[in-house]
Amino acid sequence: MTINDYKFAGKKAIVRVDFNVPLNENGQITDDTRIRGALPTLKHILEEGGALIIMSHMGKPKGKVVAKYSLKQIVDAVSAALGTPVQFAEDCAKAAEQAAALKAGEVLLLENLRYYPEEEGKPVGIDKEDPAYDEAKKAMKASQKEFAKTLASYADCYVNDAFGTAHRKHASTAVIADYFDADNKMLGYLMEKEVQAVDNVLSNIKRPFTAIMGGSKVSTKIGIIENLMDKVDNLILCGGMTYTFAKANGGEVGNSICENDKLELALDIIAQAKAKGVNLVLATDCVVADAFSNDANTQICSTTAIPEGWEGVDAGPESRKAFAAAIEGAKTILWNGPAGVFEFDNFAAGSKAIAEAIATATDNGAYSLIGGGDSVACVNKFGMADRVSYISTGGGALLEAIEGKVLPGVAAIKG
Ligand code: AMP
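Basically the numbering used here = 1-based index in the sequence shown + 362.
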């Protein structure tokens with residue numbers, strides 16, 4: 363079922379959203395992006411004459427009631443965003459009466475799902491090495507089903523709009539879907555958009571396709587690099603992983619971040635790119651600093667001849683040009699991870715050059731997807747958020763999707 367086709371009039375919808383918003387010490391929301399992200403779905407259901415039961419997690423209370431993670435703190439903000447009063451259920455597993463009393467247009471927000479260990483389905487207070495662990499896990503999986511069934515019993519249909527947790531098989535993100543037939547469960551608008559964005563870079567590709575992978579380490583990005591290798595025309599590998607490649611090629615990298623146990627892997631990636639006809643773009647020059655600080659002394663040098671006592675902190679001018687050239691002609695672009703320590707203004711030029719090239723390509727009709735916290739922070743820092751096609755709201759979920767993994771939250775609905 364799709365959210366546009368479902369007839370919500372007179373129905374109760376239980377909607378999983380990601381209201382895990384940051385709060386300050388006074389319990390005030392410091393960034394309401396996630397609440398705004400869910401509004402199209404929530405408003406649509408209310409406008410169509412449905413009643414809403416909203417559920418979410420907040421923080422990591424690890425299966426216990428922890429006041430600082432109470433969703434009660436956001437009731438007023440959700441109410442203001444929806445433009446209607448929001449009722450609150452103090453115990454998400456004992457909300458049957460409140461749910462049953464809801465009338466069309468009314469809204470009930472459930473307390474933090476993760477106050478119950480059943481939400482995540484991991485046994486608590488028992489070590490993985492303990493011989494009784496497997497039994498405890500089995501018992502927890504059984505109670506997770508009961509918990510999901512209880513949540514499902516509140517509503518006529520289930521909507522999942524929490525992309526940020528779509529890579530988790532939790533009670534509210536996946537298990538609950540077993541208690542609704544295919545005609546009564548659907549993705550929300552945010553999830554639909556995210557799934558479409560991933561499809562645009564994995565299946566529905568307009569060529570040339572340039573992927574830019576940065577960040578600190580090659581080891582955390584290897585799954586994605588390998589999955590993309592079969593799809594891209596240009597692959598820019600930048601950021602901290604530059605120096606693992608430079609060393610693998612026989613270079614001197616000084617104090618740069620370098621994974622010495624991944625040198626073989628780096629050579630294998632270079633060989634794979636060659637075999638598959640992928641244009642692999644690695645930095646040839648870099649900004650080096652004599653300390654990990656914005657005020658450090660800097661110089662430009664080759665990525666394979668970094669003096670002792672200096673570390674590579676950003677892409678150099680020649681590399682920025684090469685990156686921009688591979689981006690500006692592209693029709694599909696994926697960016698994850700900065701090209702340098704962009705948090706320091708003096709080491710942000712490489713990431714800025716990438717963001718500018720992506721914005722230019724997008725102006726010229728390319729589809730650009732930006733995902734992963736740091737590259738999102740980059741486009742925001744450089745004021746280019748409006749000049750890219752889509753900024754993903756999911757960190758881990760987006761990365762797993764790009765690795766080619768099936769997201770349990772999506773599979774539970776689409777099969
Ligand atoms: P990741 O979480 O792996 O995507 O890495 C993001 C982090 O990588 C950012 O905080 C950057 O500051 C950092 N980073 C990028 N380039 C470098 C570099 N050359 N040396 C050290 N850290 C880097």
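Think of the CB as a built atom: it goes at the ideal place given N, C-alpha and C, for glycine as much as any other residue. Note that the structure is predicted; figures quoted are calculated from it, not measured.
Three-way DSSP call (helix, strand, coil) for residue i in this model
i	result
cysteine 663	strand
isoleucine 668	coil
asparagine 522	strand
alanine 633	helix
phenylalanine 709	helix
glutamate 468	coil
isoleucine 775	helix
alanine 429	helix
arginine 346	No statement about residue 346 is possible, as the shown extent of the chain runs from 363 to 777 and does not include it.
arginine 378	strand
glutamate 452	coil
isoleucine 323	Because the chain in this structure spans residues 363 to 777, residue 323 falls outside the shown range and cannot be described.
tyrosine 752	strand
leucine 769	coil
isoleucine 619	coil
glutamate 614	strand
lysine 593	coil
methionine 603	helix
lysine 507	helix
lysine 547	strand
proline 447	coil
asparagine 366	coil
Sheet register partners of residue i (DSSP bridge)
i	result
serine 730	Ile695
asparagine 386	DSSP output for asparagine 386 lists no bridge partner at all.
aspartate 676	Val649
methionine 502	BP columns for methionine 502 are empty, so no partner.
lysine 683	None; lysine 683 has no bridge partner.
lysine 531	Answer is none; lysine 531 lacks a bridge partner.
isoleucine 587	Its beta-bridge partners do not exist; DSSP assigns none.
alanine 413	Lys374
methionine 553	The partner list for methionine 553 (beta bridge, DSSP) is empty, contrary to what the question assumes.
isoleucine 574	Ile598, Trp697
methionine 746	According to DSSP, which records beta bridges pairwise, methionine 746 is partnered with nothing at all.
valine 643	Ile598
isoleucine 778	Residue 778 falls outside the range modelled here, since the chain spans only 363 to 777, and no answer is possible.
Contact under 7 Å by Cβ, residue i with residue j
i	j	result
lysine 511	tyrosine 541	yes
leucine 760	glycine 733	yes
serine 533	glutamate 480	It should be noted that the sequence gives alanine, not serine, for residue 533. Contact: yes.
valine 750	alanine 688	no
isoleucine 586	glutamate 765	yes
glycine 425	phenylalanine 370	no
threonine 694	tyrosine 729	yes
isoleucine 619	glycine 602	yes
glutamine 661	valine 675	no
isoleucine 538	alanine 514	yes
tyrosine 752	alanine 559	yes
alanine 686	aspartate 523	no
lysine 339	alanine 517	Outside the displayed span of the chain (363 to 777) sits residue 339, for which this structure offers no information.
valine 448	serine 418	no
lysine 579	glutamate 621	yes
cysteine 454	leucine 470	no
alanine 536	glycine 771	yes
Proximity test, residue i beta-carbon vs ligand 3 heavy atom, cut-off 6 Å
i	result
glycine 445	Judged by which ligands are present, ligand 3 is missing from the structure shown, whose ligands are ligand 1.
May I ask you to verify whether the stretch 399–418 touches the stretch 439–456, counting CB pairs closer than 8 Å and requiring at least 3?
yes
Is the stretch 711–721 close to the stretch 675–685, with three or more CB pairs under 8 Å?
yes
So, do the stretch 591–598 and the stretch 558–578 have three or more beta carbon pairs nearer to each other than 8 Å?
yes
Inspect the CB distances between the stretch 484–493 and the stretch 379–388 and report whether three or more fall short of 8 Å.
no
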